[in-house]
Amino acid sequence: MQALRTAATGMAAQQLNVEVISNNIANMNTVGFKRQRAEFQDLLYQTLERAGSQSSDQGTVVPTGLQVGAGVKAGSIYRIVEQGAPTQTGNDLDLLIQGRGYLRVLLPTSEIAYTRAGNLSLNDQGQLVTAEGYEIQPGIVIPPEATDISISKSGQVQIKQAGATAPSIVGNLELATFVNEAGLEAIGDNLYLESGSSGAPNLSVPGVDGTGVLLQGYTEASNVDAVSEVTALIIAQRAYEMNSKVITAADQMLSTANQVKS
Amino acid sequence: MDNALYVGLSRQMTLQRQLDIVANNIANADTSGFKTEKPIFRTEPKSPARTADGPKPIKFVIDAGLTRDFSQGALRTTNSAFDLAIDGAGFFQIQTPGGERYTRDGHFRLDETGRIVTQAGQAVLDAGGAEVIIDPKKGALEIARDGSMSQGIEQVGRLGVVNFDSLSDLEKSGDNQFRNTSNQQPQPAPGSLLRQGMLEGSNVNPVLQVTDMIQVTRAYESLARMMESTQELSRRTVERLGRVD
Numbered sequence: 507m508q509a510l511r512t513a514a515t516g517m518a519a520q521q522l523n524v525e526v527i528s529n530n531i532a533n534m535n536t537v538g539f540k541r542q543r544a545e546f547q548d549l550l551y552q553t554l555e556r557a558g559s560q561s562s563d564q565g566t567v568v569p570t571g572l573q574v575g576a577g578v579k580a581g582s583i584y585r586i587v588e589q590g591a592p593t594q595t596g597n598d599l600d601l602l603i604q605g606r607g608y609l610r611v612l613l614p615t616s617e618i619a620y621t622r623a624g625n626l627s628l629n630d631q632g633q634l635v636t637a638e639g640y641e642i643q644p645g646i647v648i649p650p651e652a653t654d655i656s657i658s659k660s661g662q663v664q665i666k667q668a669g670a671t672a673p674s675i676v677g678n679l680e681l682a683t684f685v686n687e688a689g690l691e692a693i694g695d696n697l698y699l700e701s702g703s704s705g706a707p708n709l710s711v712p713g714v715d716g717t718g719v720l721l722q723g724y725t726e727a728s729n730v731d732a733v734s735e736v737t738a739l740i741i742a743q744r745a746y747e748m749n750s751k752v753i754t755a756a757d758q759m760l761s762t763a764n765q766v767k768s
Numbered sequence: 159m160d161n162a163l164y165v166g167l168s169r170q171m172t173l174q175r176q177l178d179i180v181a182n183n184i185a186n187a188d189t190s191g192f193k194t195e196k197p198i199f200r201t202e203p204k205s206p207a208r209t210a211d212g213p214k215p216i217k218f219v220i221d222a223g224l225t226r227d228f229s230q231g232a233l234r235t236t237n238s239a240f241d242l243a244i245d246g247a248g249f250f251q252i253q254t255p256g257g258e259r260y261t262r263d264g265h266f267r268l269d270e271t272g273r274i275v276t277q278a279g280q281a282v283l284d285a286g287g288a289e290v291i292i293d294p295k296k297g298a299l300e301i302a303r304d305g306s307m308s309q310g311i312e313q314v315g316r317l318g319v320v321n322f323d324s325l326s327d328l329e330k331s332g333d334n335q336f337r338n339t340s341n342q343q344p345q346p347a348p349g350s351l352l353r354q355g356m357l358e359g360s361n362v363n364p365v366l367q368v369t370d371m372i373q374v375t376r377a378y379e380s381l382a383r384m385m386e387s388t389q390e391l392s393r394r395t396v397e398r399l400g401r402v403d
């Protein structure tokens, strides 16, 4: 009976859905996290009678075909790249990207990754690094004698040094934008890699060409909405139950057939 | 005498098929652009069941076809630039190796050459039937209600939404796509609006499906009981007639 296998695909799909939702809920407080959603597609169809096929020598045709579907599969899991709420931290090295764009990060493998988690720090050499210690590109070095760091909306990093009256510029931060941000490949640690579907990165000065601006002293909260995640969880759970009901129903029919006395 | 058994059996076979279809509807209750299916049953008039003493109005039931409910599924916001929902009738045209396919699942993406493609990498066609190519450097893609696409102030093309005079000639080919099985040509669907950043959900009504499912199992059981009593009847007949006093 096809219904048994069909319902099993439905249960597997809803299980995946719950996994995605639970990852969203687990990352509710992760800086710069973007929530994900599972998309489903229907599986192959068994065509028992083809629509439009001849049903007699007089040329009459079958008006509607007869197809039985084999269930559902996961089509894709994609990220929803909405802006998360700003959280004020007061830390000079916390950056919020207001609008589109990603900071560039140099991985230890010398690959370039992208992130929206702007909770930056300095390493032992005074370099601006992410929470994992990966260097931000273009590299910015803050000298140890700097007393005050200010980062402008357009990414200009200025420091004040003891004895100097005017602040001095130590570098400019850039933002990378992608045509299809949702296509970036997540590699954990709030980092993303460029992929075939994201398109190539466009580097620009923050605030130019539709890129976002930088806000110092804030971080971007995750865009997970607890209420909608819990609602999605309830829907997924009910859908799972409904699929298991189909299995029960199919089982009941088979058992009825088995109990027929010969 | 055996007619009751065979007629009952024909109904049981259609009920099994109905459960298969209900199972597929329920499995796809969360599939973008999925359209609910319902089997059509009819009596088979050509070859009615016969008994020795002449024709009787006893007819078998067969599953004659399938209706699809093409009504609009609920729209939900995703805020992804390449998610499109059709508000109204019509389909997106997709170029696949097996020919053109039609879908209402507008969950698209860009590929590495800048074409708008489905998740499986098949090109989405514009109003003129050509592939849609976007230059990512020109900025964010905006798709208007009528399908016209622009990046900044520059218009870069127009996405095609097509419809058919007879939707029953469409056949599902999996991956949320439909195949045209007749000679009819797809027509532009001017009354339909595109909504960027939204997807159309499945139009499966779970409550109706579960109710259908309960009806199917109950009908199957009562048929099994009917067939059992028919057999019981013939068993007794044989017993009584065969008794030699």
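For the protein sequence lines, the chains are S and B, in the order given. Here the first sequence stands for residues 507 to 768, numbered as in the numbering used here. Here the second sequence stands for residues 159 to 403, numbered as in the numbering used here. Each residue gets a CB set at the ideal place from its N, CA and C atoms; glycine is no exception. Every value quoted in this text rests on a predicted model; they were computed, and no experiment measured them.
Could you please tell me which residues of the segment 212 to 230 of chain B, in chain order, have their CB closer than 9 Å to any CB of chain S?
Asp221, Ala222, Gly223, Leu224, Thr225 and Arg226
Could you pull out every unbroken alpha helix (DSSP H) segment of at least 4 residues lying fully inside the segment 675 to 743 of chain S, listed in chain order?
none
In this structure, does DSSP put S:Thr636 in helix, strand or coil?
As a first step, residue 636 of chain S must be located in the first sequence, where it is residue number 130. Coil, per DSSP.
Compare the Cα-Cα distances from S:Ala518 to each of S:Ser750, S:Met759, S:Phe539 and S:Tyr698 and report the closest residue.
Position 12 of the first sequence holds residue 518 of chain S. S:Ala518 has its Cα closest to that of S:Ser750, out of S:Ser750, S:Met759, S:Phe539 and S:Tyr698.
Let me check understanding here. Comparing Cα to Cα, which of B:Gly305, B:Ala377, B:Pro346 and B:Ser360 lies closest to B:Gly231?
Here residue 231 of chain B refers to the residue found at position 73 when the second sequence is read from its first residue. Cα-wise, what sits closest to B:Gly231 is B:Ser360.
Under three-state DSSP, which class holds S:Asp757?
What you label residue 757 of chain S is simply residue 251 of the first sequence in a count that begins at 1. In this structure, S:Asp757 counts as helix in the three-state DSSP scheme.
Could you work out which residues of chain S lie near B:Arg267, taking near to mean beta carbons separated by less than 7 Å?
For the purposes of this step, residue 267 of chain B is identified with residue 109 of the second sequence, where counting begins at 1. Here the neighbours are Asn686, Gly689 and Ser703.
With a CB to CB cut of under 7 Å and the five nearest residues on each side skipped, what residues in its chain are close to S:Leu760?
Along the first sequence, read from residue 1 onward, the residue named residue 760 of chain S stands at position 254. If we look at S:Leu760 and ignore the five residues flanking it on each side, its Cβ neighbours are Met507.
In chain order, which continuous runs of the alpha helix (DSSP H) of length 4 or greater are located wholly inside the segment 320 to 385 of chain B?
none
Report the residues of the segment 239 to 261 of chain B with a CB closer than 9 Å to any CB of chain S, ordered along the chain.
Within the segment 239 to 261 of chain B, the qualifying residues are Ala239, Phe240 and Asp241.
Just to confirm before moving on: does the CB-CB distance between B:Asp221 and S:Leu510 stay below 9 Å?
Translated into the one-based positions of the second sequence, residue 221 of chain B becomes position 63. Translated into the one-based positions of the first sequence, residue 510 of chain S becomes position 4. For B:Asp221 and S:Leu510, no; Cβs fall outside 9 Å.
Can you give the beta carbon distance from B:Ile252 to B:Thr236, rounded, assuming they're within the 8 Å contact cut?
Here residue 252 of chain B refers to the residue found at position 94 when the second sequence is read from its first residue. Here residue 236 of chain B refers to the residue found at position 78 when the second sequence is read from its first residue. The pair is not a contact, with the Cβ atoms about 19 Å apart (cut-off 8 Å).
Less than 6 Å between C-beta atoms, sequence neighbours within five positions excluded: which residues of the same chain meet that for S:Ala756?
Locating residue 756 of chain S in the first sequence gives position 250, where the first residue counts as 1. Correct list, in chain order: Met507, Ala509 and Leu510.
Closest to S:Ala688 by C-alpha separation, out of S:Val578, S:Ser582, S:Thr762 and S:Val736, would be which residue?
Here residue 688 of chain S refers to the residue found at position 182 when the first sequence is read from its first residue. For S:Ala688, the nearest C-alpha among the options comes from S:Ser582.
Would you kindly work out how many angstroms separate the C-alpha atoms of S:Ile675 and S:Gln664, rounded to a whole number?
Locating residue 675 of chain S in the first sequence gives position 169, where the first residue counts as 1. Locating residue 664 of chain S in the first sequence gives position 158, where the first residue counts as 1. Approximately 4 Å, taken between the alpha carbons.
Under the DSSP definition of a beta bridge, which residues are partnered with S:Ile657?
Sequence index remark: in the first sequence, residue 657 of chain S carries index 151 (1-based). According to DSSP, which records beta bridges pairwise, S:Ile657 is partnered with S:Val663.
Would B:Arg259 pass as a contact of B:Gln335 if the rule is Cβ separation under 9 Å?
Start at 1 with the first residue of the second sequence, and residue 259 of chain B comes out as number 101. Start at 1 with the first residue of the second sequence, and residue 335 of chain B comes out as number 177. Their beta carbons are under 9 Å apart, which means B:Arg259 touches B:Gln335 by this criterion.
Which class does S:Met534 belong to by DSSP, given the choice of helix, strand or coil?
Taking the first residue of the first sequence as position 1, residue 534 of chain S is located at position 28. If DSSP states are grouped into helix, strand and coil, S:Met534 belongs with coil.
Would you mind sorting S:Ala742 into buried or exposed? The rule is 16 or more other CB atoms within 10 Å of its CB.
Locating residue 742 of chain S in the first sequence gives position 236, counting from the first residue. It is buried - the Cβ of S:Ala742 has at least 16 other Cβ atoms within 10 Å.
Buried or exposed for B:Asp241, please, with buried defined as at least 16 other CB atoms from any protein chain shown within 10 angstroms of its CB.
By one-based count along the second sequence, residue 241 of chain B stands at place 83. For B:Asp241, the number of other beta carbons within 10 angstroms of its own is at least 16, and it is reported as buried.
If you count every other CB in all the chains shown that lies within 10 Å of the CB of B:Asp293, and 16 or more means buried, which is it?
For this step, residue 293 of chain B is matched to residue 135 along the second sequence. B:Asp293 should be labelled exposed.
Could you tell me which residues DSSP pairs with B:Val282 in its beta bridges?
Position 124 of the second sequence holds residue 282 of chain B. Per DSSP, B:Ile252.
Checking contacts by CB at 9 Å: is B:Phe192 closer than that to chain S?
Residue 192 of chain B sits at position 34 when you count from the first residue of the second sequence. Answer yes: the Cβ-Cβ gap between B:Phe192 and chain S drops below 9 Å somewhere.
Under 8 Å Cβ-Cβ, which residues of chain B neighbour S:Met507?
Locating residue 507 of chain S in the first sequence gives position 1, counting from the first residue. Those within 8 Å of S:Met507 in chain B are Gln174, Leu177 and Asp178.
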